[in-house]
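Notes follow once the structure below has been shown.
Number of protein chains: 2
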Amino acid sequence: MTQKNVLVAQSGGPTVAINASLAGVIAATCESNNYNLCYGALNGVTGILDSRYLNLTELIGNDSANIEKLKTTPAMYLGSCRHKLPKYEDDSEVYEKIFDQFDKLDIGAFFYIGGNDSMDTVLKLSDYAKKINSNIKIIGVPKTIDNDLCVTDHTPGFGSAAKYIAASILEISHDTYIYKVKSVTIVEIMGRDAGWLTASSALARNEYSEAPHLIYLPEVAFDTEQFIEDVREKLKTTDNVIVAVSEGIRDKDGEYISAGESATDKFGHKQLSGAGKALEFLVKEKINVKVRSVEVNVLQRCASHLASKTDLDESFEQGKKAVSFAEEGVTASMVILKRISNKPYTVDYDYAVIKNIANEAKSIPREWINSKGNDIKQELYDYLFPLIQGEVNVAYSNGLPTYMNVSHLHKRSEN
Amino acid sequence: MTQKNVLVAQSGGPTVAINASLAGVIAATCESNNYNLCYGALNGVTGILDSRYLNLTELIGNDSANIEKLKTTPAMYLGSCRHKLPKYEDDSEVYEKIFDQFDKLDIGAFFYIGGNDSMDTVLKLSDYAKKINSNIKIIGVPKTIDNDLCVTDHTPGFGSAAKYIAASILEISHDTYIYKVKSVTIVEIMGRDAGWLTASSALARNEYSEAPHLIYLPEVAFDTEQFIEDVREKLKTTDNVIVAVSEGIRDKDGEYISAGESATDKFGHKQLSGAGKALEFLVKEKINVKVRSVEVNVLQRCASHLASKTDLDESFEQGKKAVSFAEEGVTASMVILKRISNKPYTVDYDYAVIKNIANEAKSIPREWINSKGNDIKQELYDYLFPLIQGEVNVAYSNGLPTYMNVSHLHKRSEN
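Those protein sequences? They're chains A and B, same order as listed.
Numbering of the first sequence is given in the numbering used here, commencing with residue 1 and proceeding in unit increments.
Numbering of the second sequence is given in the numbering used here, commencing with residue 1 and proceeding in unit increments.
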């Protein structure tokens, strides 16, 4: 019996670790006695629909230098998409097309590396495969800096983003402590619905710095009056108050604090201000101190030069495990991590049926946040701490990190 | 004859390299046969006026672990200030107080590490020393991420900021290339009056990425119509256009493009939008593509985890040279760098009289910018390239960079 091939694709927003999982899939396929070639579809499922593929066995193979470089390259080597599949009951044509492609490429297993929306795709393809009695194994490999996927202990990409946030808060605190004037610095961090990443700012605290002095998460209704009270209280004991705030904070009615109102710039456009900017202006009005807001930009999801070794190693392993689970006959599932212990930090790799994961989101348990809703508790700190440990030796040349050549992604599209 | 002591202080905005120069001053003083103790004044000249000092010989000494850790700690270990001295002809009291403190501490040389405003202080103190026939040597040690100090080839702190900008543009380009949709990403970079840091974004270009595709500097009048033309032109040949823009771009009448107008947020405050935000909205209006702006935040001046080794080594050396120049009798001067060659990159250390440096600013020569004013020329690239070379081994513990304990900076002030 000839060996089947595998197909892998990536989807959703970038992380630092999503190529480590891809590297794991490629390495495991190359080592496999059950599978032959590893193909990659460009731009997620849209690449399957357009027949745009790379032969990853040929391009990357199991060459350790290639694998290492791919592991530390940010964002998606295969490109991404934001493409929601219709229900097959409503429109089966797209499914027929995808499974037709699977047949043409002689695919035995399809791996989709992504977040919540991507797991919806895994669920739908799994359901269709079952309906048509296809034997193709379909497995999701998680990733998201938001850490909001259910069932798994934490998601690939989160640890590196958390490390970036903690290091940034530490460096911003050094930047802030230098002037002998009272000041408030508000740092806005990604995470629309879950506060995991904002909470990881607490890892910046050390023997000489309590920053961030206040932490606000989307899990707790935000009260602007209480916030001003909190800042005033902190200013009594420290000159430079640093506040970590999630972009997704909402008031008790569920309204985003970030929503600006009839702001117009010189070109006559409406502007929306982020949560950080909104709180900056609030402090400016209510408290007479120097105030500044910092929006941590997209680097929190793509700064591979500051990746967590724990994160990249686990992400790589989850890619490998996806292949071995498929070999064992697993399908309609996602690879998951189970934490065995914090000290020493140990995890087990397993899988869980996709229908319990797709379209569900995991928030921070309320009991891991303090009662005032302006800081995290030790339990959450202990959960976060192991995930940022270890540094990755990114190779440098000409003074810059060396990443994989991604010229295949940005050839000009017809437009 | 008993040996005199030295006094050192830091002033202005943070850089990644300003503590490397401090480390150089401390190390050279410890090794000196002419000087005894090295004192540090907290928060620049204001610490002299308030008698707030650290004994750096005792705290840091010439211990290599201490020196190495200080070299790689961001922002000012001694704290900073923004304090402009009056002319001594108008008000000599503050000068009498400072020189009285010099006498009390038995100071033979004073080193002030800072940018343009700090060199104004060096000039004024030098003039006063001359007037009162003081024998105290007064020497400035440059630093600024803006690279806008005259006479010297480039300034400590700039190379590390340039490396951070280039690495960020490279990582942002990976983040951007993943979607198969036309897009424009505008990255706003620090530098109000000089475009050196924005220009260094060009170092991100490599075999697979032309980003940034366009570069706009404060040295050239910004024309919004030409800008839209430029972006349209680039979109013909590439899907994802990345634009590097200085925060200080101005139109032909000298008006900042960053100036927002009657923008009001939900709390009723006026808002100013930065150049990046302004261009984002302009592209959104004029060109029908996905557009995003990224403001590179304060990390461009304090991300020690991504420092340039060339920069830190030169900064350290300039601190050491300040001490040896003082020993040779030099005063009323600033340490400068002279570039001998680019290939191989070599520099000489020298000094120049402060009155030719203070209150002057160095812009990019127009002939180093292309005629359309939307990119840099090879000469500027060649100037920038050596400055970001080499990586620094920052020590990590608990998953984060380990920096000097700066608790002496943020004890609560009376207020």
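Cβ atoms here follow ideal geometry from the backbone N, Cα and C, with glycine treated the same way.
Item, Value
"Quick one: which residues of the segment 384 to 400 of chain A get their C-beta closer than 8 Å to a C-beta of chain B? List them in chain order.", "F385, I388, Q389, G390, E391, Y396, N398, G399, L400"
"Using a Cβ-Cβ cut-off of less than 8 Å, list which residues of the segment 45 to 74 of chain A approach chain B; keep chain order.", "T46, T73, P74"
"Count the other CB atoms, across all protein chains shown, that sit within 10 Å of the CB of K266(B); report buried if there are 16 or more and exposed otherwise.", "Confidence at K266(B) is low in this model, with a pLDDT of 42, below 50, so its placement is unreliable and the value that follows should be read with caution. Buried is the call here."
"Kindly indicate if chain B contains any beta-carbon less than 8 Å away from that of F267(A).", "Per-residue confidence for F267(A) stands at a pLDDT of 46, beneath the threshold of 50, marking its modelled position as unreliable; the derived number appears in the next sentence. Yes, F267(A) counts as interfacial toward chain B."
"Leaving out five residues on either side along the sequence, give the residues of the same chain with a beta carbon under 6 Å from the beta carbon of D375(B).", "I215"
"For K236(A), does the count of other Cβ atoms within 10 angstroms reach 16, so buried, or fall short, so exposed?", "exposed"
"For A275(A) and chain B, any beta-carbon pair shorter than 8 Å?", "no"
"Is it buried or exposed, Y345(B), if we count other Cβ atoms within 10 angstroms and call 16 or more buried?", "exposed"
"Are Y396(B) and S304(B) closer than 8 Å when you measure CB to CB?", "no"
"Which complete alpha helix (DSSP H) runs does the segment 233 to 314 of chain B hold, if anything under 4 residues is left out?", "275 to 286, 299 to 302"
"If we call anything under 8 Å between Cβ atoms a contact, is Y10(B) one with L70(B)?", "The sequence shown places Gln at residue 10(B), not Tyr. No, the pair does not count as a contact, with Cβ atoms beyond the cut-off."
"Could you pull the DSSP bridge partners for C30(B) from this structure?", "In the DSSP output, where bridge partners are listed per residue, C30(B) has none listed."
"Is there a Cβ of chain B sitting closer than 8 Å to that of P14(A), yes or no?", "yes"
"Counting only beta-carbon atoms, is G79(A) nearer than 8 Å to chain B?", "yes"
"If the cut-off is 9 Å on Cβ atoms, which residues from the segment 215 to 244 of chain A count as contacting chain B, listed in chain order?", "T224, L235, K236, T237, T238, D239, N240"
"So with CB distances below 8 Å, who are the chain A contacts of Y208(B)?", "N405, V406, S407"
"Going by C-alpha distance, which of A204(B), V289(B), L123(B) is nearest F111(B)?", "L123(B)"
"For S363(B) and D127(B), what's the separation of their Cα atoms in angstroms?", "27 Å"
"Can the beta-carbon of H83(A) be found closer than 8 Å to that of T46(A)?", "yes"
"Verify whether the separation of the beta carbon atoms of P142(B) and A75(B) is less than 8 Å.", "no"
"Please classify G254(A) as buried or exposed, where buried requires at least 16 other C-beta atoms within 10 Å of its C-beta.", "exposed"
"Buried or exposed: Y300(B), going by 16 or more other Cβ atoms within 10 Å of its Cβ?", "Strictly speaking, residue 300(B) in this sequence is Gln, with Tyr absent from that position. When all chains shown are included, Q300(B) counts as buried."
"Could you check if S64(A) is buried or exposed, using at least 16 other CB atoms within 10 Å of its CB as the buried criterion?", "exposed"
"In or out: G24(A) buried (at least 16 other Cβ within 10 Å) or exposed?", "buried"
"Determine which residues share a DSSP beta bridge with A352(B) and list them.", "M334(B)"
"What first and last residue would you give for the beta strand (DSSP E) that runs through E188(A)?", "183 to 189"
"Less than 8 Å between CB atoms is the rule here; does Y112(B) satisfy it with respect to chain A?", "no"
"Quick check: E285(B) and E188(B), are their CB atoms within less than 8 Å of each other?", "no"
"Hey, is the segment 274 to 292 of chain B in contact with the segment 176 to 184 of chain B, meaning 3+ C-beta pairs nearer than 8 Å?", "yes"
"Considering only DSSP beta bridges, list what Y39(B) is partnered with.", "L7(B), N55(B)"
"Within the 8 Å Cβ cut-off, does D117(A) reach chain B?", "no"
"Would you verify that the beta carbon of S168(A) is, or is not, closer than 8 Å to some beta carbon of chain E?", "Protein chains A and B are contained in the structure displayed, whereas chain E is not."
"Could you tell me which of F227(B), N19(B), E31(B) sits nearest to G40(B), measuring between CA atoms?", "N19(B)"
"Quick check for students: name the residue ranges of the beta strand (DSSP E) that lie wholly in the segment 66 to 145 of chain A, counting only runs of 3 or more.", "107 to 114, 137 to 142"
"In whole angstroms, what is the alpha-carbon distance linking F325(B) and D230(B)?", "50 Å"
"In terms of residue numbering, what span does the alpha helix (DSSP H) encompassing L217(B) cover?", "Neither: L217(B) is in no alpha helix (DSSP H) and is coded neither H nor E."
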